[in-house]
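Written out below as structure tokens is the structure these notes cover.
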Amino acid sequence: MQTVDIDEALLTTHLSRTDPLVSDYMRQRESPLHVDVFHGSVADSSAELLNTDVVIALELIEHVYDDVLSKIPHNIFGYMHPKIVIISTPNADFNVIFTRFSPLLPNGFRHHDHKFEWTRAEFKAWCLDITEKYPNYMCSIFGVGEAPAGDESVGNVSQIALFVRKDLLDMPLVEPFNAQPEANCETPYRNLHSVDFPFFKDTRTTEEKIWTQVQYELHRATYREDYYDADRYVYKIAIAEILRCVEYLGATAEILQQLLLENKKQMENGYVIIEEDNYSSDHDSHDYSQDAQEQVEDANCTNEVENWDA
């Protein structure tokens, strides 16, 4: 991940915001993440920007003068060739809503540093000009921040353009990309800060991951009163239920059956049978507190895995 800004003082003040949090060490990512903070201009085609997959410029373009704005499309679409580009900017049509509560700033805009604020028609024209000059991209325009009821005609607070490279949509590229585009950087980028986030590389085999989860599900079953067979003094959990809880790991009925056999688990009529004595050291039979039962019921098996890398 790379961040770029022309304001070195602002970047330096907030460099620590890119560092990992305590939570990033407690619950580590599943893949590497490297972050670079660069001081430089978005108008400059610097080599550091090559091989970028996604460009995000939120509320950026309205802060630059025309000479810089005119170079941004080439830098992104003609030099970097990313797969996805997201650009947002204020919708000037919406400003009439703001003026009901307070006047705009002396420059006529929402922010003292804004050089312009485009209407929806102006932003659309700018986006269409980009797709005409760079036909390998398609564009969709939408907005964020709904207008009050009855004022929907002014559009959204901010307008957003989503550009997608056609090959990402399984469409042929209109023009071939230059494998080695020429950099045009008046002032070289300077790296102010770099950081690598901690990540955990799970080296277990698929079967080992599945079996670990199966063991957890079997142990959890011994805390469920409705799984207890009082006549036989055993717990019974359906194999199909276990499978639902491990499918996200790549488990199939065949793999699960083989793992249960290899680990000498007793099976009857589609159930795994767990002897009460197997877990007697962890809790007293099936007599446990109501609080524990409620906690177990809350930990339902939905097969939904949190994605902390997003």
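Residue numbers (my numbering): 6 to 315.
Just so it is clear, CB atoms sit at the ideal spot from N, CA and C, and this is done for glycine as well.
Find the nearest neighbour of N189 within the set A48, P25 and H19, judged by alpha-carbon distance.
The residue given as residue 189 occupies position 184 in the sequence shown. Nearest C-alpha to N189: A48.
Starting from E127, trace the alpha helix (DSSP H) both ways and give me its first and last residue.
Numbered from 1 along the sequence shown, position 122 holds the residue referred to as residue 127. Per DSSP, E127 is one residue of the alpha helix (DSSP H) stretching across R125 to K138.
Suppose you measure from the CA of L63 to the CA of I92; what does that come to, to the nearest Å?
Taking the sequence shown and counting its residues from 1, the one referred to as residue 63 is at position 58. Taking the sequence shown and counting its residues from 1, the one referred to as residue 92 is at position 87. Rounded to whole angstroms, L63 to I92 spans 6 Å at the Cα level.
Does DSSP put N100 in a helix, a strand or coil?
Translated into the one-based positions of the sequence shown, residue 100 becomes position 95. Secondary structure of N100 (DSSP, three-state): helix.
Given a cut-off of 8 Å on the beta-carbon distance, is the pair V251 and I278 in contact?
Translated into the one-based positions of the sequence shown, residue 251 becomes position 246. Translated into the one-based positions of the sequence shown, residue 278 becomes position 273. Contact flag unset, no.
By the 10 Å Cβ neighbour count, where 16 or more other Cβ atoms means buried, how is D156 classified, buried or exposed?
In the sequence shown, counting from the first residue as 1, residue 156 sits at position 151. D156 should be labelled exposed.
Write down the C-beta distance between V60 and I81 rounded to the nearest angstrom, noting that I regard them as a contact closer than 8 Å.
The residue labelled residue 60 in the question sits at position 55 within the sequence shown. The residue labelled residue 81 in the question sits at position 76 within the sequence shown. 5 Å between Cβ atoms; contact.
In whole angstroms, what separates the C-alpha of W131 from that of S28?
Looking up residue 131 in the sequence shown gives position 126. Looking up residue 28 in the sequence shown gives position 23. Each residue's Cα considered, the two are about 41 Å apart.
Among all the DSSP beta bridges, which residues are the ones paired with N196?
For this step, residue 196 is matched to residue 191 along the sequence shown. Partner residues in the beta bridge of N196, as assigned by DSSP, are F43.
Exposure of K76, with buried meaning 16 or more beta-carbon neighbours within 10 Å
If you number the sequence shown from 1, residue 76 lands on position 71. Counting Cβ neighbours within 10 Å, K76 comes out buried, since at least 16 surround it.
Own chain, CB closer than 8 Å to H39, minus 5 neighbours either side, in chain order
Here the question's residue 39 lines up with position 34 in the sequence shown. Correct list, in chain order: M6, S199, V200, D201 and F202.
Going by DSSP in three states, I61 sits in which element: helix, strand or coil?
Here the question's residue 61 lines up with position 56 in the sequence shown. The answer is strand: DSSP assigns I61 an E or B state.
Do I165 and G148 have their beta-carbon atoms positioned less than 8 Å apart in this structure?
On the sequence shown, position 143 is the one that residue 148 refers to. On the sequence shown, position 160 is the one that residue 165 refers to. Closer than 8 Å, so yes.
Which residues does DSSP list as the beta-bridge partners of T18?
On the sequence shown, residue 18 is found 13 positions in, with the first residue counted as 1. Paired residues: none, contrary to the question.
Burial state of A184, where buried means 16 or more other Cβ atoms lie within 10 Å:
Here residue 184 refers to the residue found at position 179 of the sequence shown. That one is exposed.
Using the Cβ count rule (16 or more neighbours within 10 Å means buried), how would you classify D12?
Your numbering for residue 12 matches position 7 in the sequence shown. The residue is exposed, with fewer than 16 neighbouring Cβ atoms inside 10 Å.
Closest Cα partner of H119 within the set E137, V69 and K88:
Position 114 of the sequence shown, counted from the first residue, corresponds to residue 119. Considering only alpha carbons, the answer is V69.
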